[in-house]
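A.B. asks: Once you've had a glance at the structure underneath, I'll fire off some questions.
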Amino acid sequence: MMEDSGQPHALLRAAVPRPVRTAVVVNPAKVADLAEHRRLICEGLEPAGWPEPLWLETTPEDPGLGQARAAVAAGAEVVFVSGGDGTVRAAISGLAGTGVAMAVLPSGTGNLLAANLGLEGHVAAAVRVVLDGGRRLIDVGEVDETGDCFAVMAGMGFDAQMLAGTSERAKKRIGWFAYLFGAARHIRDRPMRVRIKLDGNRILDRRARTVLIGNVGRLQGGVRLLADAEPDDGQFNVAVVTARSLGQWAVLSLGVLYRWRRVPRMELYTASEVEVRSNRAQPRQLDGDLIAPAEVLRVRLHPKALVLCVPRPERARDLAEGADRVKEKA
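What follows is the structure in structure tokens.
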């Protein structure tokens, strides 16, 4: 369960001119060369006079929650998180509400939060973001029954089926394109009957293929699904997708890619608490990481709960704004 930081606005820093204590939470299974990965981080920090970070490796039993908490207990002011979506999500659960900043170091095959920061595949740029001092307090979602947290989006239905149908081997070989093959396996599956409750009072009954509850808007490959999503506005953006046939999916995809103001077969709502209840157990995901199937997905929003290291400018709706400049600088 998330800790309460008290006054989160006081924790935001516009710049970090002095060296600070850092830690690295790393999933060794997602990093091809740990020694090289560590060298890149240390060499990135050394010119600025920052000390070598505390190094904490995840395990199959603890994918990052315990390590993130250990970093906080050791006095780290910034925690680098290096791994796939599961590692990043576990670390979010350990850092949300503490005031300790999280920096995402791209590695692994998912990295949905890194994609939203525009940093996928750029470790040097991710370190540069930390040194530049860009910090932003973002909202965090929490699943009621488990206490699991997420920063990007939660989903139930087709999106989780797509993730489940995509092999790790395919992701390693062709990257995010592998998800297209996972999607093809389930694109004609029958829809689910869902009752969606928004903020406890507005109720929607739908035959939907998927329901996405987003805090920020980018999917894998940089596709911006939720154009109006802002990471710190105190609201989820909820997308209810009702496409069934190949033709309907094609039109919906065009609408998303070309950023039509109204996308066919996709309804959009906002809420800070969302409950999705299906007529049968459905696959579910948080930030691109599968969680146990269930008939219900119930999430609530914690406003400005996580300090995130971001490219400048800090107030942009899109977290990736400024990433190209940082990459050039790195």
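When we follow UniProt numbering, the leftmost residue of the sequence shown carries the number 1, and every step to the right adds one.
Every residue gets a Cβ at the ideal spot worked out from N, C-alpha and C, and that includes glycine.
Quick caveat: nothing in here was measured; it's all calculated off a predicted structure.
Looking only at its own chain, which residues have a Cβ that is under 7 Å from the Cβ of Ala114, when we skip the five neighbours before and after it?
C.D. replies: If we look at Ala114 and ignore the five residues flanking it on each side, its Cβ neighbours are Val104, Pro106, Glu120.
A.B. asks: Are Met102 and Leu308 closer than 8 Å when you measure CB to CB?
C.D. replies: Closer than 8 Å, so yes.
A.B. asks: Using 8 Å as the threshold, is the stretch 83-100 in touch with the stretch 135-153, meaning 3 or more CB pairs across them?
C.D. replies: Flag = yes, the stretch 83-100 and the stretch 135-153 touch.
A.B. asks: Which of the three DSSP states is assigned to Trp249 in this structure?
C.D. replies: Residue state, collapsed to three classes: helix.
A.B. asks: Classify Arg136: buried if its beta carbon has 16 or more other beta carbons within 10 angstroms, exposed otherwise.
C.D. replies: Burial call: buried.
A.B. asks: So what does Thr270 bridge to, in DSSP terms?
C.D. replies: Answer is Asn237, bridged to Thr270.
A.B. asks: Please work out which residues of its chain come closer than 7 Å, Cβ to Cβ, to Arg207, disregarding the five sequence neighbours upstream and downstream, and give them in chain order.
C.D. replies: Correct list, in chain order: Pro191, Arg193, Thr242.
A.B. asks: In the structure shown, what three-state DSSP assignment does residue 348 receive?
C.D. replies: In the structure as shown, the chain begins at 1 and stops at 330. Residue 348 is therefore absent and cannot be evaluated.
A.B. asks: Could you compute how far the alpha carbon of Arg259 sits from the alpha carbon of Leu252?
C.D. replies: Roughly 10 Å between the two C-alpha positions.
A.B. asks: Mind checking whether Ala294 and Arg284 have CB atoms under 8 Å apart?
C.D. replies: Yes, these two residues count as a Cβ contact at 8 Å.
A.B. asks: So what does DSSP say about Gly94, is it helix, strand or coil?
C.D. replies: The answer is helix: DSSP assigns Gly94 an H, G or I state.
A.B. asks: Residue range of the alpha helix (DSSP H) that Glu328 falls in?
C.D. replies: Here the alpha helix (DSSP H) through Glu328 covers 323-329.
A.B. asks: Between the beta-carbon of Gly94 and the beta-carbon of Ala126, is there less than 8 Å?
C.D. replies: It is not a contact, given that the beta carbons lie outside the stated cut-off.
A.B. asks: Going straight from the alpha carbon of residue 331 to that of Asp289, what length do you get?
C.D. replies: The chain is shown only over 1 to 330; residue 331 falls outside these bounds and no answer can be derived.
A.B. asks: Whole-angstrom Cβ separation of Leu225 and Val274, contact assumed at under 8 Å?
C.D. replies: Their Cβ separation, rounded to whole angstroms, is 16 Å, which puts Leu225 and Val274 out of contact at 8 Å.
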